[in-house]
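Undergrad: One structure is given below, represented as structure tokens, and several questions about it will come after.
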Amino acid sequence: MVHLAPVAAEVTADELAELFLDQVFRHHGLPESIVSDRDPRFTSVFWTRLFSLLGTRLLMSTAAHPETDGQTERVNRVLEDVLRSYATSFAS
Numbered sequence: 001m002v003h004l005a006p007v008a009a010e011v012t013a014d015e016l017a018e019l020f021l022d023q024v025f026r027h028h029g030l031p032e033s034i035v036s037d038r039d040p041r042f043t044s045v046f047w048t049r050l051f052s053l054l055g056t057r058l059l060m061s062t063a064a065h066p067e068t069d070g071q072t073e074r075v076n077r078v079l080e081d082v083l084r085s086y087a088t089s090f091a092s
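Numbered according to the UniProt record's numbering, the sequence shown spans residues 1 to 92.
Written out as structure tokens, the structure reads:
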């Protein structure tokens with residue numbers, strides 16, 4: 001399952017944790033696992049501890065091999081297509 005939410009270009013780990021709890025946890029409950037591309041916001045002590053306390057596994061894709069995270073790559077392509085279609089609808 002994918003859940004997207006708009007955020008500022010820069011977001012702190014604390015802000016992201018609050019957004020996660022408000023936008024994802026509130027609607028879908030706690031995920032059994034999350035796949036991360038090793039972004040520092042997800043590998044920080046804060047996230048590691050939060051997921052440990054909640055009993056959720058934080059799974060990391062292989063460093064320098066983003067293709068191992070196929071689900072994220074697919075979502076990115078679909079989102080790009082949707083945004084392109086939306087932007088094109090206002091071009092004329």
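Beta carbons are placed, not taken as given, at the ideal position from N, Cα and C, and that holds for glycine. From a predicted model like this one, the values you see are computed outputs, not experimental measurements.
Any idea what DSSP makes of residue 59, helix, strand or coil?
TA: Here residue 59 sits in strand by DSSP.
Undergrad: Determine the contact status of residue 59 and residue 44, defining contact as a CB-CB distance below 9 Å.
TA: Going by C-beta atoms, residue 59 is not nearer than 9 Å to residue 44.
Undergrad: Leaving out five residues on either side along the sequence, give the residues of the same chain with a beta carbon under 6 Å from the beta carbon of residue 24.
TA: Cβ neighbours of residue 24 beyond the five flanking positions: 3.
Undergrad: Quick check on the DSSP output: the alpha helix (DSSP H) that includes residue 35 runs from which residue to which?
TA: From DSSP, residue 35 is part of no alpha helix (DSSP H) but of the beta strand (DSSP E) over 33 to 36.
Undergrad: Note down, in chain order, each residue of its chain lying with its Cβ closer than 7 Å to the Cβ of residue 19, except the 5 sequence neighbours on either side.
TA: Excluding positions up to five away in sequence, the list reads 5, 7.
Undergrad: With DSSP run on the structure shown, which of helix, strand or coil describes residue 52?
TA: Residue 52: helix per DSSP, three-state reduction.
Undergrad: Looking at the secondary structure, which residues open and close the alpha helix (DSSP H) in which residue 71 lies?
TA: Looking at the DSSP string, the run of the alpha helix (DSSP H) that includes residue 71 is 70 to 88.
Undergrad: To the nearest angstrom, how far is the alpha carbon of residue 89 from that of residue 53?
TA: If I take the Cα positions, the gap works out to 46 Å.
Undergrad: Taking residue 11 as the reference, which of 33, 39, 30 has the closest Cα?
TA: Among 33, 39, 30, the Cα nearest to that of residue 11 is on 39.
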